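So the structure is just underneath, and the comments pick up after that.
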């Protein structure tokens, strides 16, 4: 055994000692897992080496294997019998996709990203990842390597997709938080905000990938645990979507050199943060986008010449998980001294585990290695043969001729003990707010305050820092309207220049409703993502979803109960709308442990739903800015008294208990009819109603188009009786849209919408005044669109 | 004949694919060529009529934008390039490519008079950090100037194109600026159709704070052209940010620039 390889003394260790080894080694293995490993090595009558135990810890980490989503859950709700759930993922996510059974789903949940059909030549891949823990400690590096990582997921799907679009969603603490309220050891939200945006900007722009969709949310609950979601869409030839590995194929590393950066990233991400986490600097990786660009350039050439059989990225766990996964069904042999290093002094386990960025592993038939090396040399990328795949069904690791790790693939990939976790859901009780109609007759100030709130305010200062035009395909931009500054519902891109076939990408995220019920939050996130797709001209029929759960510690029954609620909603709503999940990811343990007060804080339970839709004719796309004075403004979809978790309640310090419900039967009818109307060319502009309800959506349409509006709340359709102006204006009920119709198309539009609740609210006006009349006939909102726009643009201007 | 275009690539080039499409739509035959292939003489630049240096972040724009590629071209491709220029062939640099041309000195390439006594081309102008101190992606109005530039001959008086850069502020000593004006080497200026006076164009219409609102320049022959905006990103009307609300022609403003280059080659080399 080489001197730089150590054994972990676990054979005779008691439970306390096992847990000490796990904790001190940042292995994030629990007692049951340590005992399983102990039993396995007892049979072998030897201790594991550091290479072996670290490999198991990475492979079994929450980050890599998603045990919470696969374990058995005993779920209890007040007044109901305990329910046994055989895995959240198989029960609610995977099964939804199976039930929906879309023929255009090419590959779901098996590769590094989901694959759907695009046109006769290409398919699309889509993946969204999180990089939360690293971004909390080092925002710039954490976010940059987040986007770098998800781009490699696209490149590592099938035989490699060309990245064509980035989407980024961030959740931060409040930007105006006083410094003395900052939890110990955490960075100020403004600092995190700036660093994350710069990191994503510098990586995405250098890679030449348009960043054309996203969202930024602010909530006190994200102060110590910011969330950074990075997504990438790729374009892949239809005949390059399958991969395989044969014994004898060479294990080839392509890309950057290996250093000590990012060691234990996977296990670190599977633990909570506290005020000492910032000392763990080496767990954050260092990004180099130009290296990644070179890899993409080289590997796509090699792909087109069929020089390799399989590919995956070195992400969490580095070589250990990349080689371990590729060779899972056959076996692999790797010689670590061949790995090109950034500097000397790395122990074998560090080389094996390093999460140094910009590295891919490919399986190359020996006869192709010279051709592959030629391409890499021409593109100035290193390609190194590390070993070969075998038929031993073992993962064998050598260092300078000596074996330093020898693991049974079956134990590594199937030895993880099944866990049982308990989950409880107890609906919270919040104070209810009543209508303010008796206190005020004028809601202009409320509307201004909503437009000013950071979650609703313009994100232009961020969007402009991203190149959203590169590759020449983005046809509905993130900013639209007469001055190119209105908030687009979704982006549309045409990846094949000259073809009318387009891709729509949108997202939905509603953590505020989690305060009322995570079921509503998850259901609303799906509805919102779909609304955004429909609003620009997409159809439910051709839409697929991605789920990204960011949660607190799932070992705590209340947190897990919330997760169960959200997962149930995913199944119910996705199957009702017929929109399958094709990929997803979870990031758990987003909690902060305050070592001074002993307090334990979890983030708001947050589900991001990303949606992707194939659109057959880009000329049918519409934007949200009003186009012409005299046109009619309609509301489509029912409004209910659903202000629980709304921005309007939040403005007045309330959460409430009646959050927006998704009524998928109603919603589906609405969205399908509206898709028809848009595709028939009857709709000049369309905007979904989300944060701030009808009031905010209408104002955004008006000032983005540069015209006024005169509306009346009287005709807002509702299935109940709502007598309050503020509830009609600011309720955040789902499945609603505002649309602009030319008078000549009024009859045609109305006949298409005959089965859908619709109401004509008024007209677009030449005068730049935004006026809404209340139920009493009095004006309840009156303001110039310039003032409204300025309120919306100013808060995050710099 | 089909004019042949060499679209130059290196590490960090990222607008090569759409530049390729632009030249193909304009009727050219194109090839993506890595600079290593020129340096090693595996590919000869003399086989082409047009050299296009696309946008991107060549070598990460380390040190400053475009400088490393410029140094490589100046020192490793010096003769190749001077033959290419002497043969009256065309060079276009877009965004990062413009930065490269400025740093090689090929633009503005003023070598007469007292500006530059020795015949060695040197850098006389620069593209510095935007006055906003950050990367900006936005559409800008361009006013076409009277110039000998072959890429813009007969082009519309006003164009609309996107910019996307952090280092695009054109700046030069006043005597160089004067020379550029008197030689009519300014090809495009940032404009503002809504402005009341004809003075300087304010931010964000001039997105980077360029001297004299300069967005693009050519050399004295008009055969070497560099600009910060991206003509290859406006080839069809779908690229326009307001195609859902305005009546636009199907062809984007950018395509004419590539067509002019192709026509020039057909006329002069056909």
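Residue numbers (my numbering), protein chains in the order written: chain A, 3 to 800; chain F, 208 to 477. All C-beta atoms, glycine included, are put in the ideal place defined by N, C-alpha and C. Treat the numbers as computed from the prediction; the structure is a model and nothing was measured.
DSSP places residue 136/A in the helix class (H, G or I) of the three-state scheme. Here residue 226/A is buried: its Cβ has 16 or more other Cβ atoms, across all protein chains shown, within 10 Å. In the structure shown, the three-state DSSP call for residue 735/A is coil.
Taking C-beta atoms as the reference points, residue 301/A and residue 497/A fail to come closer than 8 Å.
Sixteen is the threshold: when 16 or more other Cβ atoms of the shown chains lie within 10 Å of the Cβ of residue 490/A, as they do, the residue is buried. By the 16-neighbour rule on beta-carbons within 10 angstroms, residue 308/A is exposed. A distance below 8 Å between beta-carbons, with the five flanking residues on each side excluded, links residue 331/F to the following residues of its chain, in chain order: 312, 315, 317, 322, 323, 379, 380 and 383. Under DSSP, no beta-bridge partner is assigned to residue 205/A. Counting only residues of its own chain and dropping the five nearest sequence neighbours on each side, residue 111/A has a CB closer than 7 Å to the CB of 96 and 585. The beta carbon of residue 609/A sits closer than 6 Å to those of 524, 527, 551 and 568, all from its chain and outside the five residues before and after it, given in chain order. DSSP places residue 315/A within a strand segment (E or B) once states are collapsed to three. Taking residue 283/F as the centre and dropping the five residues before and after it, the same chain places the C-beta of 246 closer than 7 Å to its C-beta, in chain order. Residue 435/A sits in coil when the DSSP states are folded into three classes, being neither helix nor strand. In the structure shown, residue 412/F falls within a coil segment according to DSSP collapsed to helix, strand and coil. Between residue 628/A and residue 298/F, the alpha-carbon positions lie close to 43 Å from each other. For residue 239/A, the uninterrupted beta strand (DSSP E) run begins and ends at 229-239, by DSSP.
Going by C-alpha positions, residue 762/A is about 43 Å away from residue 439/F. If you keep only unbroken beta strand (DSSP E) runs of at least 3 residues inside the segment 758-800 of chain A, you get 760-767, 771-775 and 781-786. DSSP places residue 107/A inside the beta strand (DSSP E), whose first and last residues are 107-109.
At least one CB atom of chain F sits nearer than 8 Å to the CB of residue 625/A. Taking 8 Å as the cut-off, the beta carbon of residue 684/A is found closer than this to the beta carbon of residue 743/A. The DSSP-derived three-state label of residue 368/A is helix.
Taking 8 Å as the CB threshold, residue 503/A stays off the interface with chain F.
In the same chain as residue 217/A, and ignoring 5 residues on each side of it, the C-beta atoms closer than 7 Å to its own belong to 171, 509 and 511, in chain order. If you draw a straight line from the Cα of residue 442/A to the Cα of residue 733/A, it comes to about 17 Å. Counting only Cβ-Cβ distances below 8 Å, residue 467/A has contacts in chain F at 341, 342, 343 and 344, in chain order. Assigned with DSSP and collapsed to three states, residue 43/A falls in helix. In the structure shown, the three-state DSSP call for residue 418/A is coil. For the C-beta of residue 218/F, the chain A residues within less than 7 Å are, from N- to C-terminus, 292, 295, 296 and 382. Nearest Cα to residue 520/A within the set 247/A, 699/A and 605/A: 605/A.
Ranked by how close their Cα comes to the Cα of residue 590/A, the residues 37/A, 68/A, 28/A and 559/A have 68/A in first place. Sequence-distant Cβ neighbours of residue 471/A in its own chain, meaning closer than 7 Å and more than five residues away, are 212. At the C-beta level, residue 217/F and residue 241/F come within 8 Å of one another. When the five nearest sequence neighbours on each side are left out, the beta carbons in the same chain lying within less than 6 Å of the beta carbon of residue 495/A are those of 167, 475, 476 and 505, in order along the chain. Per DSSP, residue 211/F lies in no alpha helix (DSSP H) segment; the continuous beta strand (DSSP E) that holds it begins and ends at 211-216. Under the DSSP definition of a beta bridge, residue 254/A partners with 364/A and 387/A.
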